[in-house]
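One structure is given here, and the rest of the page talks about it.
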Ligand SMILES: NC(=O)c1ccc[n+]([C@@H]2O[C@H](COP(=O)([O-])OP(=O)(O)OC[C@H]3O[C@@H](n4cnc5c(N)ncnc54)[C@H](O)[C@@H]3O)[C@@H](O)[C@H]2O)c1
Ligand SMILES: [Fe+2]
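Numbering (our numbering), first residue to last: 147 to 521.
Take a look at the structure:
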């Protein structure tokens, strides 16, 4: 038996922040980073909350560490909030999700309603049961997976993503593309998640370059924002794969943005998973062939279709100015090779590896690492 559900209520389109008008007379905590306070986003949200007692915890940072989560729990306990509003990129939303659920499990708080308002178009965290927390001391990122982490309400306002500079638009957009493609070939993929992945990929291929070129293009922003959420819905059920497992391992050690780590690895992981030298064409290769067809690439031959898809992503990265390998990201290749055993160990243990379409060995990961680490 398989199951598919989307339990988060999603509000989108013009004036969707108006959903917050229904929050009245409550103790509210807003969880975000300093940028959201300084750029006026927090004030925009406050303007919708009538008669509420509002506290702001603005200490989240990219790749939220355990320490921020624990400080957030203390703050939540002090203010005894009834409603939580997480606003920001995936990092702020992930931190808020962990703060709420761990705070609840410790018996400290009980949030009645939680909102996630993404300001990047990438992680899909607003609709997922995942929260990625970093253990800085050990240099490891842990994806927590629990149904309770799923936000109750997501608000997708394209106006809030207009301020993303091109580099963040590119990194986060390629993260969304990775979610859609990894969910598509996951061993848990179904007709339901495939529909979401296919729509997400076609939207991203068309509109991400437009949003990158002109951040004020509201239609492109809206389509990319929706695509990231659709991809989140897909991988929330289907799971993701090896690209994310290695990205988590590398990201935690070398502090590269999550989307950029995925972007660097995705073309290589596609080729690895498709296993094109296998004379029996794999299900993964055939699905990628179908995706190539959907986005208008030559598709009649499996090998041509899959390599075309991988090259198309390389081309997008090049046009977004994203370096092709770790050296281009300023990371010393010797250092990567020195840490390779712990990177491989973390990637093999990562929860995302379980749903990867091809079984993975330490040697396989080493092979992929070498491809993105030219000496
Ligand atoms: N929970 C999930 O399902 C899931 C999935 C994938 C990734 N993640 C995690 O999410 C995190 C990455 O999130 P992200 O890629 O959204 O980036 P982020 O949240 O780390 O933000 C990156 C930077 O962008 C800035 N920013 C955010 N919105 C902006 C805007 N509108 N204008 C200008 N600047 C803005 C932030 O202040 C920050 O400095 C990683 O920790 C990753 O592991 C979670
Ligand atoms: Fe991701």
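Where is the CB? At the ideal position from N, CA and C, for every residue including glycine. These numbers were taken from a predicted model, which means no experiment stands behind them.
Query	Result
Once DSSP output is grouped into helix, strand and coil, what is the label at residue 463?	helix
If distances are taken between C-alpha atoms only, which option among 342, 347, 366 comes closest to residue 353?	366
From the DSSP output, in three-state form, read off residue 382 for me.	helix
Ignore the nearest five residues each way along the sequence and tell me which others in residue 212's own chain have a CB closer than 7 Å to its CB.	279, 281
Can you round the beta-carbon distance between residue 441 and residue 347 to whole angstroms, since I take them to be within the 8 Å contact cut?	7 Å
I believe residue 306 touches residue 263 by the beta-carbon criterion, under 8 Å. Please report the beta-carbon distance rounded to the nearest angstrom.	7 Å
Rounded to a whole number of angstroms, what is the C-alpha to C-alpha distance between residue 178 and residue 501?	31 Å
Considering only the alpha carbon of each residue, which of 234, 188, 327, 225 lies closest to residue 207?	234
Can you give the Cα-Cα distance for residue 244 and residue 341, rounded to whole angstroms?	29 Å
Roughly how many angstroms lie between the CA atoms of residue 153 and residue 296, to the nearest whole one?	8 Å
Does at least one heavy atom of ligand 2 sit under 8 Å from the Cβ of residue 393?	yes
Taking DSSP as the reference, what is the three-state secondary structure of residue 251?	helix
Which residue's Cα is closest to the Cα of residue 249: 219, 214, 420?	219
Taking 8 Å as the cut-off, does the CB of residue 385 come closer than this to any heavy atom belonging to ligand 1?	no
Give the straight-line distance between the Cα atoms of residue 447 and residue 388, rounded to the nearest whole angstrom.	25 Å
In this structure, what does DSSP give as the bridge partners for residue 201?	175
For residue 176 and residue 397, I'd like the C-alpha separation in whole angstroms.	27 Å
With distances taken Cα to Cα, identify the nearest neighbour of residue 286 among 221, 496, 520.	496
Taking the continuous beta strand (DSSP E) assigned at residue 230, which residues delimit it?	229-234
Can you list, in chain order, the stretches of the alpha helix (DSSP H) that have 4 or more residues and sit fully within the segment 306-377?	312-331, 337-359
Go ahead and pull the three-state DSSP assignment for residue 408.	helix
Inspect the beta-carbon positions of residue 335 and residue 376 and report whether they are closer than 9 Å.	no
Below 8 Å, is the gap between the Cβ of residue 346 and the nearest heavy atom of ligand 4?	Absence of ligand 4 from the depicted structure is noted, with ligand 1 and ligand 2 being the only ligands included.
Residues in its own chain within less than 8 Å of residue 430 by CB, not counting five upstream and five downstream?	331, 419, 420, 421, 503, 504
Who are the Cβ neighbours of residue 199 in its own chain at under 6 Å, not counting the five residues just before and after it?	173
For the structure I just gave you, are there three or more beta carbon pairs, one from the segment 402-418 and one from the segment 313-322, closer than 8 Å?	yes
With DSSP collapsed to three states, give me the class of residue 280.	strand
Give the straight-line distance between the Cα atoms of residue 227 and residue 488, rounded to the nearest whole angstrom.	40 Å
Which two residues bound the contiguous beta strand (DSSP E) that contains residue 472?	Here residue 472 belongs to no beta strand (DSSP E), and DSSP marks it neither H nor E.
In terms of residue numbering, what span does the alpha helix (DSSP H) encompassing residue 223 cover?	212-225
State yes or no: is the C-beta of residue 358 within less than 9 Å of the C-beta of residue 456?	no
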